[in-house]
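Numbering (our numbering), first residue to last: 1 to 188.
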């Protein structure tokens, strides 16, 4: 669950950068009440660093908790970062981040939206994943019992070139898994 919250927080990186800019400009203009600005300028980067560390720790390659599957087919999913920015990030800029009321309203909205996203296993387009060179694939997989199933896999590997090979996956939720290691076909 903590990995999901971290990924959710990281998906809003463009918003965090915008908020930091707004708060810094407010300080430079000599805002009367600087408490909100300083809390934001200190808090946002700390939460970003914590989220990045959790993400990196949870996505490190290791076999503990992973499942070996046979990759039958992989198709890269094209998620629109521009659509995500226009739909989810830009409307949030309407909040006044230099006032307590605006921060409280934003915090309430952000937490409720996060709860809904996590409850429904909705994985937002994540610019940090893009920067770290992760891709999302729609995959057809086969397990050790020769049961074929479909799963969305987040991977740094170019999975389209690994058809008919073994991959190790670790579930993020019912819809998404991480792929972290690929090896040649050893026959399931």
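Glycine included, every Cβ here is placed at the ideal spot set by N, Cα and C.
I think residue i touches residue j, with their Cβ atoms under 8 Å apart; what is that distance to the nearest whole Å?
| i | j | result |
| --- | --- | --- |
| residue 160 | residue 76 | 6 Å |
| residue 98 | residue 11 | No, residue 98 and residue 11 are not in contact; Cβ-Cβ is about 24 Å, not under 8 Å. |
| residue 22 | residue 142 | The pair is not a contact, with the Cβ atoms about 50 Å apart (cut-off 8 Å). |
| residue 138 | residue 152 | 6 Å |
| residue 4 | residue 172 | 7 Å |
Taking buried to mean at least 16 other C-beta atoms within 10 Å of its own C-beta, is residue i buried or exposed?
| i | result |
| --- | --- |
| residue 28 | exposed |
| residue 33 | exposed |
| residue 37 | buried |
| residue 40 | buried |
| residue 74 | buried |
| residue 19 | buried |
| residue 122 | exposed |
| residue 178 | buried |
Do you know how far the Cα of residue j is from the Cα of residue i?
| i | j | result |
| --- | --- | --- |
| residue 90 | residue 59 | 29 Å |
| residue 166 | residue 158 | 14 Å |
| residue 46 | residue 148 | 42 Å |
| residue 65 | residue 180 | 12 Å |
| residue 118 | residue 110 | 12 Å |
| residue 113 | residue 53 | 23 Å |
| residue 94 | residue 14 | 14 Å |
| residue 145 | residue 71 | 14 Å |
| residue 134 | residue 42 | 28 Å |
| residue 9 | residue 48 | 7 Å |
| residue 106 | residue 116 | 15 Å |
| residue 25 | residue 126 | 26 Å |
| residue 162 | residue 87 | 34 Å |
Which first and last residues belong to the beta strand (DSSP E) in which residue i is found?
| i | result |
| --- | --- |
| residue 152 | 148 to 155 |
| residue 141 | 135 to 142 |
| residue 169 | 165 to 171 |
What are the boundary residues of the alpha helix (DSSP H) that residue i is part of?
| i | result |
| --- | --- |
| residue 24 | 13 to 28 |
| residue 101 | 100 to 119 |
| residue 64 | Segment: none, residue 64 is in no alpha helix (DSSP H) and carries neither H nor E. |
| residue 131 | 127 to 131 |
Considering only C-alpha positions, which residue in the set the options is nearest to residue i?
| i | options | result |
| --- | --- | --- |
| residue 7 | 144, 137 and 132 | 132 |
| residue 56 | 136, 100, 2 and 16 | 2 |
| residue 154 | 61, 49, 116 and 87 | 61 |
| residue 16 | 103, 164, 156 and 176 | 103 |
| residue 136 | 92, 42 and 175 | 175 |
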